[in-house]
Amino acid sequence: MWKDADVEIERLLTRCRAGDRDAWTKLVERLQSTVFGVTRRLGLSEADAADVFQATFIALYRNLDRIDQALTLPRWIAVTATRECYRVRRTYPEATGSADERTLEDTIAVEQRSAEEIAIESERALVLREGLEQLGGRCRVLLTLLYGEVETSYIEIGAKLGMPIGAIGPTRARCLEKLRKILEREAYFREVDVSPERVRTS
Amino acid sequence: MRPCRRFEQALIVLAEGGEAPEAAAHLDQCEGCTRRLAEYRHLLGEGGIARVTQNAPAEWIARAAAIFPEARRAAVLRHSLSQVGARLRDTDTLQIAYEVDGVVLRVQYARLGTGWQITGRVPDLSWTVQHRGASVPLDPEGGFQIDVRETADTGFDLVLPSGRVAIPGVAEALGEPV
Chain A
0 MWKDADVEIE
10 RLLTRCRAGD
20 RDAWTKLVER
30 LQSTVFGVTR
40 RLGLSEADAA
50 DVFQATFIAL
60 YRNLDRIDQA
70 LTLPRWIAVT
80 ATRECYRVRR
90 TYPEATGSAD
100 ERTLEDTIAV
110 EQRSAEEIAI
120 ESERALVLRE
130 GLEQLGGRCR
140 VLLTLLYGEV
150 ETSYIEIGAK
160 LGMPIGAIGP
170 TRARCLEKLR
180 KILEREAYFR
190 EVDVSPERVR
200 TS
Chain B
0 MRPCRRFEQA
10 LIVLAEGGEA
20 PEAAAHLDQC
30 EGCTRRLAEY
40 RHLLGEGGIA
50 RVTQNAPAEW
60 IARAAAIFPE
70 ARRAAVLRHS
80 LSQVGARLRD
90 TDTLQIAYEV
100 DGVVLRVQYA
110 RLGTGWQITG
120 RVPDLSWTVQ
130 HRGASVPLDP
140 EGGFQIDVRE
150 TADTGFDLVL
160 PSGRVAIPGV
170 AEALGEPV
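As they're listed, the protein sequences go chains A and B. Numbering that gives the first Met the number 0 puts the first residue of the first sequence at 0, with every later residue one more than the last. Numbering that gives the first Met the number 0 puts the first residue of the second sequence at 0, with every later residue one more than the last.
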C-alpha cells in the first residue's frame with residue numbers, strides 16, 4: 000500500500016534483527032502513534048495505556064524474527080496492542096450488552112472483530128501519517144496545527160510559522176489539496192463513503 | 000470525476016464545518032464535488048489528521064526504546080594464527096575461539112573465493128545464529144555454516160536466552176585491517 004514506508008520499515012526490521020539499537024528506537028518512534036491510538040480508541044486509563052504500550056513493544060521485540068514482511072507490521076502491531084488492551088481491561092464499550100452478560104465465545108468474537116477493525120483503521124492511519132511526513136515542511140506543520148488534536152488559533156499559527164494571518168487560509172487549502180493528492184496515489188480514499196446521502200448528512 | 004474548480008475553496012470550508020450555501024446546493028448535481036467533500040471531511044474528521052498527529056508521551060516512547068538491549072560482544076580467547084605468527088591476508092584457514100556466557104565457541108573460517116566460509120557449532124539448540132538479520136539454519140547437532148563474499152561481512156550474532164551476543168568480523172577479532 001505504501002511502498003516507501005514499507006521499504007523503510009523492512010530496513011529497520013533487518014537492522015533490529017542484527018542488533019542495531021538505533022534502528023529499534025526509530026521503529027518505536029514510527030509505530031508509537033499506532034499503539035497510542037489503539038489505547039485511546041479503546042478508552043484505557045493512562046496507567047493501563049502505559050502498560051499496554053510497553054507490553055506491545057516487548058511483544059514486538061520478542062517477535063522481531065517472526066515478522067517476515069514489513070507490510071504486515073502495522074497490522075501486527077495494531078492487533079497486538081488491541082489484544083493487550085483487552086487483556087488489561089476485559090470490556091468493550093461499543094459492544095451490545097455488558098461484558099458480564101456475554102459468553103466467553105461472544106467475548107472472543109467481539110474482541111476478534113474489534114481487533115480486525117482497529118488493525119484496518121491503524122493501517123490507514125499510518126498511511127495518512129506517512130502522507131503528512133511526505134508533505135513535509137510548513138505544510139505538515141500548518142495542517143497539524145490547524146486540524147490536530149489541540150486547537151490552535153490563527154494568531155498563534157501565524158506567529159509560529161511567521162506567516163501573515165491572511166495567508167493562512169489560502170495556504171491551508173493548497174496544503175490540504177497536496178496531502179489529498181499524495182493520499183489519492185496510495186488509494187487511501189478507496190474506503191471513504193462518498194455516497195451523496197452520506198455526504199449530505201455528515 | 001473531478002470537482003468544479005470554482006467550488007474548490009468552498010468545499011474545504013464545508014468540510015471544516017463552515018457555511019458555503021452555493022456550494023452546498025451544488026452538491027446535489029455534482030458527483031465530483033460530492034466525492035471531494037467526502038475526502039476532505041474524512042481528512043478533517045475525527046479519524047483523520049487529528050488522530051494521526053497524536054503522539055504517546057515522550058517517557059513511554061523512551062521506555063519502549065530502552066527495551067532493546069545493547070548487543071554484548073563475544074570476547075576472543077585465542078586464535079590459530081597466533082601460534083604460527085601469520086596474518087589474516089596470508090592464510091586460507093583459521094580458527095577463533097570466543098567466550099560466550101562462560102562457554103567456548105570455536106569458529107572456523109576458510110577462504111571461499113573473495114570471501115569466507117564460516118562454520119561452527121552452538122552448544123545449545125536454544126541458541127540462534129543470525130547473519131545480516133536473517134536466521135542461519137542449524138543442523139541437529141547445532142552446526143551452522145555461513146558463506147560470505149567479503150571479509151567485512153564475517154560478523155554474525157548469537158541470540159541466546161540471556162540476550163544477543165555479537166561475534167565480530169574476523170579482521171576485527173584479530174585486530175587487523177579489513
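Virtual Cβ for every residue (Gly too), placed ideally from N, Cα, C.
Would you tell me roughly how many angstroms separate the C-alpha atoms of residue i and residue j, rounded to the nearest one?
i                         : j                         : result
arginine 173 of chain A   : glutamate 7 of chain B    : 10 Å
threonine 81 of chain A   : isoleucine 57 of chain A  : 14 Å
glycine 142 of chain B    : isoleucine 107 of chain A : 43 Å
glycine 31 of chain B     : aspartate 105 of chain A  : 42 Å
isoleucine 166 of chain B : glutamine 94 of chain B   : 13 Å
alanine 94 of chain A     : valine 109 of chain A     : Confidence in alanine 94 of chain A is poor, its pLDDT being 42 and thus under 50, which makes the residue's placement too unreliable to answer from.
serine 155 of chain A     : leucine 70 of chain A     : The sequence shown places glutamate at residue 155 of chain A, rather than the serine named in the question. Looking at the two C-alpha atoms, the distance is approximately 39 Å.
glycine 17 of chain B     : aspartate 192 of chain A  : 21 Å
threonine 33 of chain A   : isoleucine 181 of chain A : 20 Å
aspartate 47 of chain A   : valine 87 of chain A      : 7 Å
threonine 184 of chain B  : aspartate 146 of chain B  : With chain B covering 0 to 177 only, the question about residue 184 of chain B has no answer from this structure.
glutamate 175 of chain B  : alanine 109 of chain B    : 17 Å
leucine 125 of chain A    : arginine 72 of chain B    : 36 Å
proline 92 of chain A     : threonine 79 of chain A   : Any reading at proline 92 of chain A must be qualified, since the residue scores a pLDDT of 49, below 50, and its modelled position is unreliable; no value is offered.
arginine 13 of chain A    : alanine 22 of chain A     : The question names arginine, but residue 13 of chain A is threonine in the sequence shown. Their backbone Cα atoms lie some 9 Å apart in a straight line.
glutamate 45 of chain A   : tyrosine 85 of chain A    : 15 Å
aspartate 203 of chain A  : asparagine 54 of chain B  : Nothing can be reported for residue 203 of chain A, as the shown portion of chain A is limited to 0 through 201.
aspartate 5 of chain A    : glutamate 21 of chain B   : 43 Å
glycine 112 of chain B    : aspartate 156 of chain B  : 23 Å
alanine 57 of chain B     : leucine 26 of chain A     : 15 Å
threonine 151 of chain A  : serine 113 of chain A     : 33 Å
leucine 160 of chain A    : tyrosine 153 of chain A   : 10 Å
glutamine 129 of chain B  : threonine 92 of chain B   : 22 Å
Can you tell which of the options has the C-alpha that lies nearest to the C-alpha of residue i?
i                           : options                               : result
isoleucine 66 of chain B    : A/Gln31, A/Arg20, A/Thr38             : A/Arg20
isoleucine 119 of chain A   : A/Gln111, A/Ala77, A/Arg128, A/Glu28  : A/Ala77
tyrosine 39 of chain B      : B/Ala9, B/Ala24, B/Trp59, B/Gln28     : B/Ala9
alanine 49 of chain B       : A/Gly136, A/Leu11, A/Arg16, A/Gly36   : A/Gly36
leucine 11 of chain A       : A/Gln53, A/Leu59, A/Arg39             : A/Leu59
phenylalanine 52 of chain A : A/Glu83, A/Arg123, A/Thr102, A/Ser121 : A/Glu83
proline 139 of chain B      : B/Asp123, B/Ile145, B/Thr52           : B/Asp123
glutamine 72 of chain A     : A/Glu176, A/Ile8, A/Glu116            : Reading the sequence as shown, one finds leucine at residue 72 of chain A and not glutamine. Out of A/Glu176, A/Ile8, A/Glu116, A/Ile8 has the C-alpha closest to the C-alpha of leucine 72 of chain A.
leucine 42 of chain B       : A/Asp5, A/Leu145, A/Gln68, A/Cys15    : A/Leu145
isoleucine 167 of chain A   : A/Glu176, A/Gly157, A/Leu175          : A/Gly157
alanine 49 of chain A       : B/Arg35, B/Cys3, B/Ala61, B/His130    : B/Ala61
cysteine 29 of chain B      : B/Arg4, B/Arg131, B/Glu45, B/Gly119   : B/Arg4
valine 106 of chain B       : B/Arg131, B/Asp100, B/Leu76, B/Leu36  : B/Leu76
alanine 64 of chain B       : A/Glu148, A/Glu150, A/Cys15           : A/Cys15
aspartate 89 of chain B     : B/Glu98, B/Gly119, B/Ser79            : B/Ser79
leucine 173 of chain B      : B/Asp100, B/Arg131, B/Ala74, B/Thr118 : B/Ala74
At which residues does the alpha helix (DSSP H) containing residue i begin and terminate?
i                           : result
glutamate 30 of chain B     : 30-43
leucine 178 of chain A      : 164-184
tyrosine 108 of chain B     : Where tyrosine 108 of chain B is concerned, there is no enclosing alpha helix (DSSP H), although the beta strand (DSSP E) it sits in stretches over 102-111.
alanine 85 of chain B       : Element bounds for alanine 85 of chain B: n/a, residue is neither H nor E.
valine 128 of chain B       : First-last for valine 128 of chain B: 127-130, but that is the beta strand (DSSP E), not the alpha helix (DSSP H).
aspartate 152 of chain B    : Note, aspartate 152 of chain B: premise wrong, no alpha helix (DSSP H); not H, not E.
cysteine 138 of chain A     : 136-146
tyrosine 60 of chain A      : 45-61
phenylalanine 6 of chain B  : First-last for phenylalanine 6 of chain B: undefined, no H or E at that position.
phenylalanine 35 of chain A : 20-40
glutamate 21 of chain B     : 20-25
So the beta strand (DSSP E) residue i belongs to, where does it begin and stop?
i                        : result
tyrosine 97 of chain B   : 92-99
glutamine 68 of chain A  : Taken as a continuous stretch (DSSP letters only), glutamine 68 of chain A belongs to no beta strand (DSSP E), as it is neither H nor E.
valine 135 of chain B    : 133-135
arginine 163 of chain B  : 162-166
threonine 118 of chain B : 114-120
arginine 178 of chain B  : This structure cannot settle anything about residue 178 of chain B, because the visible part of chain B is limited to 0 through 177.
Excluding five sequence neighbours on each side, which residues of the same chain lie with their C-beta closer than 7 Å to the C-beta of residue i?
i                       : result
alanine 19 of chain B   : Ala9, Val12, Leu13
alanine 23 of chain B   : Leu13
alanine 133 of chain B  : none
arginine 1 of chain B   : Gly31
proline 160 of chain B  : Ser125
arginine 128 of chain A : Ser32
glycine 119 of chain B  : Leu104, Arg105, Val106, Gln107, Phe143
Leaving out the 5 sequence neighbours to the left and right, which residues in its chain are closer than 8 Å to residue i when beta-carbon positions are compared?
i                        : result
threonine 150 of chain B : Leu87, Gly114, Trp115, Gly168, Val169, Ala170, Val177
arginine 65 of chain A   : none
glycine 130 of chain A   : Leu178, Ile181, Leu182, Glu185, Tyr187
glutamate 122 of chain A : Met0, Pro73, Arg74, Ala77
arginine 171 of chain A  : Leu141, Leu142, Leu145
Between which residues of its own chain and residue i is the CB-CB distance below 6 Å, once the five residues before and five after are set aside?
i                      : result
glycine 96 of chain A  : Confidence is the limiting factor: at glycine 96 of chain A the pLDDT is only 42, short of 50, which leaves the residue's position unreliable, though a coordinate-based value still follows. Nothing meets the Cβ criterion.
arginine 29 of chain A : none
proline 68 of chain B  : Gly162
leucine 142 of chain A : Cys174
valine 121 of chain B  : Gly141
leucine 203 of chain B : Because chain B is modelled from 0 through 177, residue 203 of chain B falls outside the range shown and cannot be assessed.
Can you determine whether any heavy atom of the ligand SAH sits closer than 7 Å to the C-beta of residue i, and answer yes or no?
i                     : result
leucine 13 of chain B : Looking at this structure, you won't find the ligand SAH or any other ligand, since it has none at all.
Is the segment 38-58 of chain A touching the segment 134-151 of chain A, taking contact as three or more C-beta pairs under 8 Å? no
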